[in-house]
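Quick note, the sequences are listed as chains A and B, same order. Numbering-wise (this note's numbering), the first sequence opens with residue 3 and increments by one. Numbering-wise (this note's numbering), the second sequence opens with residue 3 and increments by one. Each residue gets a CB set at the ideal place from its N, CA and C atoms; glycine is no exception.
Number of protein chains: 2
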Amino acid sequence: MAITMYDLAGTEAARRFSPFCWRAKMALAHKGLAVETVPWHFTEKDKLPTPNDGRVPVIVDGDRVVHDSTAIADYLEQHYADRPSLFGGDTGRGLTRFVQNWTETVLQVGLVRLVVLDIWRHIGPADQDYFRKSREERFGASLEEVVRDREARLPAFRASLDPLRRTVERQPFVAGNSPSYADYIVFGAFQWARAISEFEVLAADDPVRAWRGRVLDLYGGLGRRAPAYDEPPPSPPPHAGEGQGGGS
Amino acid sequence: MAITMYDLAGTEAARRFSPFCWRAKMALAHKGLAVETVPWHFTEKDKLPTPNDGRVPVIVDGDRVVHDSTAIADYLEQHYADRPSLFGGDTGRGLTRFVQNWTETVLQVGLVRLVVLDIWRHIGPADQDYFRKSREERFGASLEEVVRDREARLPAFRASLDPLRRTVERQPFVAGNSPSYADYIVFGAFQWARAISEFEVLAADDPVRAWRGRVLDLYGGLGRRAPAYDEPPPSPPPHAGEGQGGGS
Numbered sequence: 003m004a005i006t007m008y009d010l011a012g013t014e015a016a017r018r019f020s021p022f023c024w025r026a027k028m029a030l031a032h033k034g035l036a037v038e039t040v041p042w043h044f045t046e047k048d049k050l051p052t053p054n055d056g057r058v059p060v061i062v063d064g065d066r067v068v069h070d071s072t073a074i075a076d077y078l079e080q081h082y083a084d085r086p087s088l089f090g091g092d093t094g095r096g097l098t099r100f101v102q103n104w105t106e107t108v109l110q111v112g113l114v115r116l117v118v119l120d121i122w123r124h125i126g127p128a129d130q131d132y133f134r135k136s137r138e139e140r141f142g143a144s145l146e147e148v149v150r151d152r153e154a155r156l157p158a159f160r161a162s163l164d165p166l167r168r169t170v171e172r173q174p175f176v177a178g179n180s181p182s183y184a185d186y187i188v189f190g191a192f193q194w195a196r197a198i199s200e201f202e203v204l205a206a207d208d209p210v211r212a213w214r215g216r217v218l219d220l221y222g223g224l225g226r227r228a229p230a231y232d233e234p235p236p237s238p239p240p241h242a243g244e245g246q247g248g249g250s
Numbered sequence: 003m004a005i006t007m008y009d010l011a012g013t014e015a016a017r018r019f020s021p022f023c024w025r026a027k028m029a030l031a032h033k034g035l036a037v038e039t040v041p042w043h044f045t046e047k048d049k050l051p052t053p054n055d056g057r058v059p060v061i062v063d064g065d066r067v068v069h070d071s072t073a074i075a076d077y078l079e080q081h082y083a084d085r086p087s088l089f090g091g092d093t094g095r096g097l098t099r100f101v102q103n104w105t106e107t108v109l110q111v112g113l114v115r116l117v118v119l120d121i122w123r124h125i126g127p128a129d130q131d132y133f134r135k136s137r138e139e140r141f142g143a144s145l146e147e148v149v150r151d152r153e154a155r156l157p158a159f160r161a162s163l164d165p166l167r168r169t170v171e172r173q174p175f176v177a178g179n180s181p182s183y184a185d186y187i188v189f190g191a192f193q194w195a196r197a198i199s200e201f202e203v204l205a206a207d208d209p210v211r212a213w214r215g216r217v218l219d220l221y222g223g224l225g226r227r228a229p230a231y232d233e234p235p236p237s238p239p240p241h242a243g244e245g246q247g248g249g250s
């Protein structure tokens, strides 16, 4: 039986933008586990299976309910230990926490100040009231004020990605030659921005963008199947033997 | 036969302050390998064994010469594979690169602007000329100008440690329950500041400082044996049964 996952959605049910839900979806795919997602909205607290903490992701696996993305990753690693590891052992798990803490104190903090108003635009009226009130209290400013100078802040945001950039310039994934849960944590943050905002946070030639493309390609392009803003228009397939290299 | 390591020293031969040499010394201790260090100064390029790139650390292990701290860690992991692992596997090695890139683009960049003038004060006259010239070219400012407003910049520096702080608040080491090479990379940066400057970069109650203390305690207090500035005066041992908890 497939695992069920409650997944944050916008007004369009297909628009899935929670960074924490993306972590869990990629972890399930990494383990090769089938999942059926249930679109869920911020204010539907009473629709979640118990126990929960009022947020998603929550998964239901047979008679087990697990909530919180970190707990879900630990659950999957332990209960599906014979499948590809999310952490690569105890040291990998410990270091994944550092990547998570960087993502949550630097990357997501920087991103939210670029896209928070776009999130508000994509959610339904009931969620909009909840979202605006809770976020404006957190920022001490209106959502419009938070994003107002985002163009001016973009260079500093991009500079803050230096540790990530240098890493994925020198190896294919954050975790080395193959992706692990640390990649999904970082990816979840970018997927959040990408699903909800037309504001392109990464320059076209940024190695971070190339890495994001590699993660989007994983598991049959799982990350590309949700509506997003940054996809280039499909180009016709090149003729066989036509040169692909070089820029013009 | 013990491994020989060329180790950056100040005017006092015992003052060892290279962050990269600290990485290598801790890695050697982690592997349980005996080492004899040779104090070396910035301008003694011709005293290094070949091959080298004019910098330390360089180690000599029998008839092998290995230079560059990252190459040394990889060498030790491969050639002493039966001893405790520095990385805990491929994922751990990949994620260690992220910690290294954070250390080199955030932590060391922040630290050098706090302590660079103190480094200059601790090295010999020949090294002082070389050091001032090369660093002032890099900064585009005199060493005095670089550190002038360091008190004002301290809060931002401490805030930049959030990913590290949150990690070592929640687990004993950067790598989890036990230390690995990622811990030594971060530790090397703090040891550099600590060996060369009386300027305390960490608040007394900072969890990062408690973590640094745990790493200083490793391997018989290896990191404490070098001259440093931040050691509290030795306090008398508490009477047996005297309460240790609580603050006053």
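Of all the options the options, which has the alpha carbon lying nearest to the alpha carbon of residue i?
i	options	result
Leu119 of chain A	A:Trp104, A:Arg137, A:Gly56	A:Arg137
Lys27 of chain B	B:Leu224, B:Glu147, B:Ala230, B:Pro127	B:Leu224
Thr72 of chain A	A:Arg226, A:Ile187, A:Arg216	A:Ile187
Ala31 of chain B	B:Pro229, B:Ala230, B:Asp219, B:Tyr231	B:Asp219
Arg160 of chain B	B:Glu202, B:Gly56, B:Gly34, B:Leu78	B:Glu202
Leu113 of chain B	B:Trp24, B:Arg18, B:Arg152, B:Asn54	B:Arg152
Ile58 of chain B	B:Gly90, B:Ala36, B:Phe22	Per the sequence presented here, residue 58 of chain B reads as Val, with Ile not at that position. When each option's Cα is compared against that of Val58 of chain B, the closest is B:Phe22.
Val170 of chain A	A:Leu97, A:Gln130, A:Arg214, A:Ile121	A:Arg214
Arg211 of chain B	B:Ser199, B:Ala228, B:Phe189	B:Phe189
Leu252 of chain B	A:Tyr82, A:Val101, A:Val67	Because chain B is modelled from 3 through 250, residue 252 of chain B falls outside the range shown and cannot be assessed.
Phe216 of chain B	B:Pro53, B:Ser180, B:Tyr132	It is Arg, not Phe, that sits at residue 216 of chain B in the sequence shown. Checked all of B:Pro53, B:Ser180, B:Tyr132; the closest Cα to Arg216 of chain B is B:Ser180.
Gln111 of chain B	B:Trp194, B:Asp207, B:Thr13	Note on identity: in this sequence residue 111 of chain B is Val, with Gln being the wrong assignment. When each option's Cα is compared against that of Val111 of chain B, the closest is B:Trp194.
Thr13 of chain B	B:Leu145, B:Ala205, B:Ile198, B:Arg140	B:Ile198
Arg227 of chain A	A:Arg99, A:Glu200, A:Arg196, A:Ala4	A:Arg196
Glu147 of chain B	B:Pro157, B:Val67, B:Arg134	B:Arg134
Val68 of chain B	B:Tyr8, B:Ala206, B:Arg168	B:Tyr8
Ile61 of chain B	B:Asp129, B:Thr93, B:Trp24	B:Trp24
Ala191 of chain A	A:Leu88, A:Val117, A:Pro53	A:Val117
Asp92 of chain B	A:Gly142, A:Glu200, A:Asp48, A:Gln173	A:Gln173
Glu200 of chain B	B:Ser20, B:Ile121, B:Thr52	B:Ile121
Ala36 of chain A	A:Asp48, A:Leu50, A:Leu78, A:Asp70	A:Leu78
Leu204 of chain A	A:Arg168, A:Phe175, A:Pro157	A:Pro157
Thr107 of chain A	B:Phe175, B:Lys49, B:Arg168	B:Arg168
For residue i, count the other beta carbons within 10 Å of its own beta carbon; 16 or more makes it buried, fewer makes it exposed. Which is it?
i	result
Gln80 of chain B	exposed
Leu10 of chain B	buried
Gly222 of chain A	exposed
Asn103 of chain B	buried
Asp63 of chain B	buried
Arg85 of chain A	exposed
Leu109 of chain A	buried
Pro236 of chain B	Because Pro236 of chain B carries a pLDDT of 42, less than 50, the predicted location of this residue cannot be relied on, and no value is offered for it.
Asp185 of chain A	buried
Asp55 of chain B	exposed
Gly34 of chain A	exposed
Arg95 of chain A	buried
Gly249 of chain A	Residue placement at Gly249 of chain A is poorly supported in this model, since its pLDDT is 36, which falls under 50; the coordinates still yield a value, given next. Classification of Gly249 of chain A: exposed, given that the 10 Å Cβ count is below 16.
Ser144 of chain A	exposed
Arg150 of chain B	exposed
Pro239 of chain B	Because the pLDDT at Pro239 of chain B is just 49, under 50, the model does not fix this residue reliably, and the value given afterwards should be weighed accordingly. By the 10 Å Cβ count, Pro239 of chain B comes out exposed.
Asp129 of chain B	buried
Phe141 of chain B	exposed
Thr52 of chain B	exposed
Arg99 of chain A	buried
Gly245 of chain B	Note that Gly245 of chain B has pLDDT 38, beneath the 50 cutoff, so the model's placement of it is unreliable and the number below is only indicative. Result: exposed.
Please check the pair residue i and residue j, which I expect to be a contact at CB under 8 Å, by giving their CB distance rounded to whole angstroms.
i	j	result
Thr6 of chain A	Glu38 of chain A	5 Å
Arg155 of chain B	Arg115 of chain B	7 Å
Ala177 of chain B	Leu97 of chain A	6 Å
Val17 of chain A	Pro229 of chain A	It is worth fixing the name first, because residue 17 of chain A is Arg in this sequence and not Val. With a Cβ gap of about 5 Å, Arg17 of chain A and Pro229 of chain A count as contacting.
Ala15 of chain B	Pro41 of chain B	4 Å
Ala83 of chain A	Ala29 of chain A	So it is not a contact: roughly 14 Å between Cβ atoms.
Ser182 of chain A	Gly126 of chain A	About 35 Å; that fails the 8 Å criterion.
Phe19 of chain B	Tyr132 of chain B	Wrong, their Cβ atoms sit about 15 Å apart, outside the cutoff.
Return yes when the C-beta of residue i is under 7 Å from any heavy atom of the ligand PLP, and no when it is not.
i	result
Asn103 of chain B	This structure lacks the ligand PLP; in fact it carries no ligand of any kind.
In chain order, what residues of the segment 68-94 of chain B put their CB closer than 7 Å to some CB of chain A? So the close ones are Phe89, Gly90, Gly91, Asp92, Thr93, Gly94.
Compile a chain-ordered list of the residues in the segment 205-223 of chain B whose CB is closer than 8 Å to at least one CB of chain A. For the segment 205-223 of chain B, which is checked against every Cβ of chain A, not one residue is closer than 8 Å.
Within 8 Å of chain B by C-beta, residues of the segment 38-65 of chain A in sequence order: Listed by position, the residues of the segment 38-65 of chain A near chain B (Cβ gap below 8 Å) amount to none.
Using a Cβ-Cβ cut-off of less than 8 Å, give me the residues of the segment 109-136 of chain A that come near chain B, in sequence order. The residues in question: there are none.
Taking only beta carbons into account, state which residues of the segment 23-39 of chain A come closer than 9 Å to chain B, listed in chain order. For the segment 23-39 of chain A, which is checked against every Cβ of chain B, not one residue is closer than 9 Å.
Residues in the segment 183-197 of chain A with C-beta within 7 Å of chain B's C-beta atoms, listed in sequence order? From the segment 183-197 of chain A, only Ala184 have a Cβ closer than 7 Å to chain B.
Residues of the segment 152-165 of chain B with Cβ closer than 8 Å to any Cβ of chain A, in chain order: Under the 8 Å Cβ criterion, the segment 152-165 of chain B contributes Asp164, Pro165.
Residues of the segment 138-149 of chain B with Cβ closer than 9 Å to any Cβ of chain A, in chain order: Flagged: no residues at all.
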